[in-house]
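This report refers to the structure that appears directly beneath it.
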Amino acid sequence: MTTKLDVRISRRCFFASAGAATTVALVMPRKLFGQDEGLVQTARRTAAASTITVQKLRGNISVLLGAGGNIAVLTGRDGKLLIDAGFAGAHPKIADALASISPDPIKHLVNTHWHFDHTDGNEWLHSAGAAILAHTNTRKHLSTTTRVDGWNFTFSPAPPGAIPAEVFDDQRTLELNGTTIALKHYAPAHTDSDISVHFPDADTLHVADTFWNGYYPFIDYSTGGSIDGMVRATEENLAKVTDKMIVIPGHGAVADKSQLTFYRDLLVGTREKVAALKKQGKSLDEIIATNPTAATDAKWGNGFRSPKDFIGDVFQGV
Ligand SMILES: [Zn+2]
Numbered sequence: 467m468t469t470k471l472d473v474r475i476s477r478r479c480f481f482a483s484a485g486a487a488t489t490v491a492l493v494m495p496r497k498l499f500g501q502d503e504g505l506v507q508t509a510r511r512t513a514a515a516s517t518i519t520v521q522k523l524r525g526n527i528s529v530l531l532g533a534g535g536n537i538a539v540l541t542g543r544d545g546k547l548l549i550d551a552g553f554a555g556a557h558p559k560i561a562d563a564l565a566s567i568s569p570d571p572i573k574h575l576v577n578t579h580w581h582f583d584h585t586d587g588n589e590w591l592h593s594a595g596a597a598i599l600a601h602t603n604t605r606k607h608l609s610t611t612t613r614v615d616g617w618n619f620t621f622s623p624a625p626p627g628a629i630p631a632e633v634f635d636d637q638r639t640l641e642l643n644g645t646t647i648a649l650k651h652y653a654p655a656h657t658d659s660d661i662s663v664h665f666p667d668a669d670t671l672h673v674a675d676t677f678w679n680g681y682y683p684f685i686d687y688s689t690g691g692s693i694d695g696m697v698r699a700t701e702e703n704l705a706k707v708t709d710k711m712i713v714i715p716g717h718g719a720v721a722d723k724s725q726l727t728f729y730r731d732l733l734v735g736t737r738e739k740v741a742a743l744k745k746q747g748k749s750l751d752e753i754i755a756t757n758p759t760a761a762t763d764a765k766w767g768n769g770f771r772s773p774k775d776f777i778g779d780v781f782q783g784v
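Written as structure tokens, this is what we have:
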């Protein structure tokens, strides 16, 4: 069992490694991007150099940080269950990290949504033995050509082995390794394919990319996301979270209720400010010039989404 102190220590270690040039989450400093290269290409190109941190949480649950979206791992006699697949290029390092946790074979993979930093590893994990389960819209987006304007990138259909063989629409409950795993679809939030993964016995909740801890979030309007959907999903998360619950965000350090509450206030506060100014007829540039996120920019604005990007994402939806 991991104490709160252990989590804090690990969190510090993660942030130390997150500053290294080799870190390839979607929290990569923008200066690392090549002149003619977009985020998707850069993330895929540099994935092999990613630094992966393994953090033990509660019971037989661990999390891998640094290989794309956060990867939760449940071990036991039924084999490993992975929540998300990370970048394909990080395959050797993810395989090493998984082996360091336990010798159990890889048997199950759940995708929290369709984005490439959570599904690029689907193909190799399927080859390694994982049956893939996800929301219906994850299969839909992975099966077809899908454009994401916010990344200025059009994704080709994923290879057959990477497509979830099994899907669900609203919720699904799994019984594996002596515990219950409850999967629940969010109304469209970050995308239209987001799900939460609840481990009630370990009081642990993976909330996918509805929560970016310590970084302004990306909101994918191209596949159903919106600021209002993000706020709704965050309220839903807060309604579930207990004082001792471990909250696994899609990106950033493992968190608890206080950090989720701070994030909710950040989303709601920014939405209110931007909506009021837009209603007055102000343009996006004029709103950016008022520095509506000034109080959090130093900490939250250094990742994948700059303050301008985040304000733009909010502006688009109010
Ligand atoms: Zn995402």
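So the sequence shown is numbered by our numbering: it starts at 467 and just counts up by one. In this text, a Cβ means the ideal position worked out from N, Cα and C, and glycines have one as well. Since the model is a prediction, treat every value here as computed from it, not as a measurement.
- A contact is defined here as three or more CB-CB pairs under 8 Å, and the region 735 to 748 meets this definition with respect to the region 777 to 784.
- Annotation for Phe582: the continuous alpha helix (DSSP H) segment containing it runs 582 to 585.
- Spanning the alpha carbons of Ala755 and Arg737 requires a straight line of approximately 16 Å.
- The DSSP assignment places no complete run of the alpha helix (DSSP H) inside the region 628 to 660 (cut-off: 4 residues).
- Note that the C-beta distance between Gly716 and Asp675 is below 8 Å.
- Annotation: Asp686 to Ile714 spans about 20 Å, alpha carbon to alpha carbon.
- Less than 8 Å separates the beta-carbon of Pro630 from that of Ala600.
- Phe619: member of the beta strand (DSSP E) spanning 619 to 621, first to last residue.
- Asp675 has its Cβ nearer than 7 Å to a heavy atom of ligand 1.
- One thing to note: Phe553 has its Cβ no nearer than 8 Å to the Cβ of Ala538.
- A direct Cα-to-Cα measurement between Val673 and Tyr729 gives close to 13 Å.
- By the Cβ rule, the region 655 to 665 counts as touching the region 698 to 705, because three or more pairs are nearer than 8 Å.
- Per DSSP, the unbroken alpha helix (DSSP H) holding Leu505 starts and ends at 505 to 512.
- Contact annotation: Lys706 and Leu671 have beta-carbon atoms nearer than 8 Å.
- A heavy atom of ligand 1 is found nearer than 7 Å to the CB of Gly716.
- Between Asp550 and Ile598, the alpha-carbon positions lie close to 10 Å from each other.
- For Arg613, the uninterrupted beta strand (DSSP E) segment begins and ends at 612 to 614.
- Inter-residue distance for Ala563 and Leu523 is about 15 Å (C-alpha atoms, whole angstroms).
- Residues Ala533, Gly552 of the same chain have their beta carbon placed closer than 6 Å to that of Ile560, with the five preceding and five following residues left out of the count.
- DSSP, reduced to helix, strand and coil, places Gly718 within a strand of the structure shown.
- Of the candidates Thr578, Glu503, Ser662, Asp694, Thr578 places its Cα closest to the Cα of Gly535.
- In this structure Val614 is in contact with Ser688, their Cβ atoms being roughly 5 Å apart against a cut-off of 8 Å.
- Of the other Cβ atoms in all chains shown, fewer than 16 fall within 10 Å of the Cβ of Glu641; this residue is therefore exposed.
- In the structure shown, the three-state DSSP call for Lys546 is strand.
- Residue range 527 to 531 is occupied by the beta strand (DSSP E) that includes Ser528.
- Restricting attention to Ile527, Tyr682, Lys745, Leu704, the CA atom closest to the CA of Gly644 is found in Ile527.
- For Lys745, the enclosing alpha helix (DSSP H) starts and ends at 723 to 745.
- If you draw a 10 Å sphere on the C-beta of Asn679, you find 16 or more other C-beta atoms in it, and that means buried.
- Rounded to the nearest angstrom, the Cβ distance from Thr610 to Pro625 is 13 Å, too far for a contact under 8 Å.
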